[in-house]
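A.B. asks: Got a structure here, written out as C-alpha cells. Questions coming.
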Amino acid sequence: MRNNSLLCLLIVILVAAGCSESGAPPDAPSPGPEVISTNNRAVGLMGQFRYGEALEQFEQLSGDWPGTEEFEVNQAIATLNRQQEGDEQRALDLAGSVLEANPGNLRAHYVSGLVHLYLGFPEKALPHFSAVAEGDPEDAHAAYYLALCHAQAGQYEAALAGYQQAMKLDPYLRSAHYGAFQSLQRLGRVDEAREVADTYQRLERNPRSHLAEFRYTRMGRWGEAVAIDQDTPGPHPVIAGPVFAGQEPLPVSGHSDGAWMTKGNAAISVADIDHDGRHDLFLNGVSGPGADAGGNLVIISGVDETFTADE
C-alpha cells in the first residue's frame with residue numbers, strides 16, 4: 032500500500048512539473064511575429080470599435096494556439112463588446128476557462144466581474160474585482176467596480192471606502208465621485224455628500240475628467256484587448272571610421288579668397304533652388320564682391336560637383 036501511495040505521489044509530481052500555469056508544457060512553441068502581428072491588428076480593430084472583425088481574428092488565434100491566455104481573454108473582451116444575443120454568457124465562459132487553467136489571471140477575473148455586474152449579479156462580480164484590486168492596488172477602475180459591487184449589495188460603508196480609494200487613485204474619475212455622493216446620502220452624511228457633489232459638478236467642466244461605463248475604452252485598462260510586444264531588432268552595426276569627412280574648401284566658380292563679406296549672424300540653408308534635383312546653398316547675410324555688406328548670396332550646384340555663385 033505504501034509503495035502504491037509513493038507511486039501515485041510521484042506521478043502527481045511529474046504531471047505538475049510538466050505543465051505551466053496556463054496548462055501548456057513549458058517547451059511549447061511561442062507565437063511567431065506573424066501571429067503576434069495578427070493579434071495586434073485585431074487589437075487595433077477593437078480601438079476602431081470593429082468588434083466583429085476583431086473577434087474573428089481572435090477566434091482564429093485561440094483555435095490555432097490553444098492555451099494562450101492573451102488570445103483567449105482578448106477573444107472574451109471582443110465577444111462581450113460585440114453585444115449579440117448570448118455574447119455575455121460566451122464571454123463569461125471564455126474567461127472562466129482561462130481562470131480554470133490559471134486562477135491568477137487578472138484580466139480574466141476583470142472580464143468575469145464586468146459580465147456578472149452587467150447582468151445584475153454584484154455578489155458574483157465582487158470576488159473577481161476583489162482579486163484584481165488586490166493584484167493591482169493602483170488601478171482606479173478596479174477599486175471603482177469593487178465599490179459598485181458593494182453599493183449594489185447595500186454595503187454602503189464598504190462602497191464608500193472603495194469609491195474614496197478610486198478617487199484617490201484617479202481624482203478625475205467622475206463616476207467614483209458620484210458613487211461616493213450616493214453612498215454618503217445612504218449613510219445620512221448629508222454635508223459630506225454635498226461637498227462631494229460640488230466636486231463632481233466642477234469636474235463636469237474639466238476636459239480631463241472621465242466616466243467608467245460599460246463601453247469599450249471606458250471600462251478600465253484591464254477590460255481592454257492587449258497587444259503583444261514583438262522583439263525589436265538589434266542596433267545597427269557601427270561603421271568604422273569617422274561619421275563625416277574632413278573639412279574641404281568649396282570650389283565656387285569666380286570666387287577668390289576673402290572676397291565675400293558678412294554682416295551680423297550669417298546663416299546658410301540648403302534647397303533645390305533651380306529645381307534640377309541637386310542641392311543648392313542660400314547664404315543669408317553674405318555678400319559677394321562689389322555688393323553691399325549683409326545681402327544674400329546663392330550658390331548653385333552643377334554637374335560634377337561644381338558650384339557657381341549667383342548674387
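No gaps in the numbering here: position 76 of the sequence shown is 107 in the working numbering, and each next residue is one more. Where is the CB? At the ideal position from N, CA and C, for every residue including glycine. Just so you know, these numbers come straight off a predicted model, no measurement behind them.
#1: Measuring alpha carbon to alpha carbon, tell me which of Glu116, Glu154, Gly98 and Ala189 ends up nearest Asn136.
#2: Please check the pair His140 and Ala162, which I expect to be a contact at CB under 8 Å, by giving their CB distance rounded to whole angstroms.
#3: If we ignore side chains and look at the alpha-carbon of each, how far apart do Val46 and Ala132 end up?
#4: Using three-state DSSP, classify Asn136 as helix, strand or coil.
#5: Considering Leu343, what are the terminal residues of the alpha helix (DSSP H) in which it resides?
#6: Counting only beta-carbon atoms, is Ser332 nearer than 7 Å to chain B?
#7: Does the distance from the C-beta atom of Arg81 to that of Trp253 stay below 7 Å?
#8: Quick one: grab the DSSP three-state call for Asn237.
#9: Would you report the Cα separation of Asn296 and Asn327, rounded to the nearest angstrom?
#10: Taking C-beta to C-beta, are Leu150 and Ala164 nearer than 7 Å?
#11: Determine the DSSP secondary structure at Leu76, reduced to helix, strand or coil.
#12: Quick one: is Asp229 buried, meaning 16 or more other Cβ sit within 10 Å of its Cβ, or exposed?
#13: Taking Cβ positions, are Val142 and Glu100 nearer each other than 7 Å?
#14: Ile146: which of Leu111, Ala173, Leu86 and Glu169 sits nearest, CA to CA?
C.D. replies: Straight from the coordinates:
#1: Gly98
#2: 5 Å
#3: Low confidence applies here, because Val46 scores a pLDDT of 36, under 50, leaving its location unreliable and the question unanswered by this model.
#4: coil
#5: Since the first residue shown for the chain is 32 and the last is 342, residue 343 is missing from the structure and cannot be characterised.
#6: Given the protein chain composition of this structure (a single chain), no chain B is represented.
#7: no
#8: coil
#9: 12 Å
#10: no
#11: helix
#12: exposed
#13: no
#14: Looking at the sequence itself, residue 146 is Val, so the reference to Ile does not match. Answer by Cα proximity: Leu111.
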